[in-house]
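>
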Amino acid sequence: VQLQASGGGLVQTGGSLRLSCAASGSTSSIHVMGWYRQAPGNQRELVATVTRGGSTNLADSVKGRFTSSIDSVKNTVYLQMNSLKPEDTAVYYCNAKVGYSQFRDYWGQGTQVTVSS
7 VQLQASGGGL VQTGGSLRLS CAASGSTSSI HVMGWYRQAP GNQRELVATV TRGGSTNLAD
67 SVKGRFTSSI DSVKNTVYLQ MNSLKPEDTA VYYCNAKVGY SQFRDYWGQG TQVTVSS
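Whatever position you read off the sequence shown (first residue = 1), add 6 for my numbering.
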C-alpha cells in the first residue's frame with residue numbers, strides 16, 4: 007500500500023485547511039485510515055481515524071474543529087481542519103492499517119501544517 011498526502015500549508019489562526027491522502031496498491035486490505043501529527047520535540051500523536059464504512063474517531067484536542075471522512079471508491083481519506091490554532095502546527099502523516107487479523111502500519115510522506123498567530 008502506498009499513501010500520497012497533500013494539502014498542507016501556512017494559514018493564520020482561525021483559518022482552515024483540508025488534507026487529502028490517496029491510497030494505492032492493495033487497498034482492499036486496508037482496515038482503517040487516519041491521520042497522525044508530530045510537532046518538533048513531541049511524539050507522534052493520533053488526530054483522527056476513519057473506517058472504510060465512515061466511522062470516525064477524533065482526538066479530544068481537535069473535536070469540534072476537525073472532521074475526517076473517506077471516499078472508499080477513490081481510496082482517499084480527508085482531514086478538514088477548521089478554527090486552526092498555533093498548537094496545531096505539525097507535520098501531519100497519513101496512516102493506513104492493513105490486514106485482516108493482524109495489522110501492519112503504512113505511512114504517507116508527511117505534510118507540513120503551519121498555523122501563524
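Yeah, the Cβ is synthetic: ideal placement off N, Cα and C, and Gly gets one too.
These figures come from a predicted structure and were not determined experimentally.
Which ranges would you report for the beta strand (DSSP E) in the region 98-123 if only whole runs of at least 3 residues count?
Counting whole runs of 3 or more residues, the region 98-123 contains the beta strand (DSSP E) stretches 109-113 and 117-122.
> Touching or not, the region 56-63 and the region 8-22, by the rule of three or more beta carbon pairs under 8 Å?
No: the two stretches stay apart, fewer than three of their Cβ pairs being nearer than 8 Å.
> With a threshold of 6 Å on Cβ separation, who are the neighbours of Asn81 within its own chain once the five nearest residues in sequence on each side are excluded?
The residue labelled residue 81 in the question sits at position 75 within the sequence shown. Hits under 6 Å: Ala29 and Thr33.
> Since I believe Ala65 is in contact with Leu52 (beta carbons under 8 Å), could you give me their beta-carbon distance rounded to a whole number of angstroms?
Counted from its first residue, the sequence shown places residue 52 at position 46. Counted from its first residue, the sequence shown places residue 65 at position 59. With a Cβ gap of about 6 Å, Leu52 and Ala65 count as contacting.
> Would you mind reading off the limits of the beta strand (DSSP E) that contains Asp66?
In the sequence shown, residue 66 corresponds to position 60, counting from 1. Note, Asp66: premise wrong, no beta strand (DSSP E); not H, not E.
> Rounded to whole angstroms, what is the Cα-Cα separation between Thr73 and Ala54?
Position 67 of the sequence shown, counted from the first residue, corresponds to residue 73. Position 48 of the sequence shown, counted from the first residue, corresponds to residue 54. Taking the straight line joining both Cα atoms gives about 8 Å.
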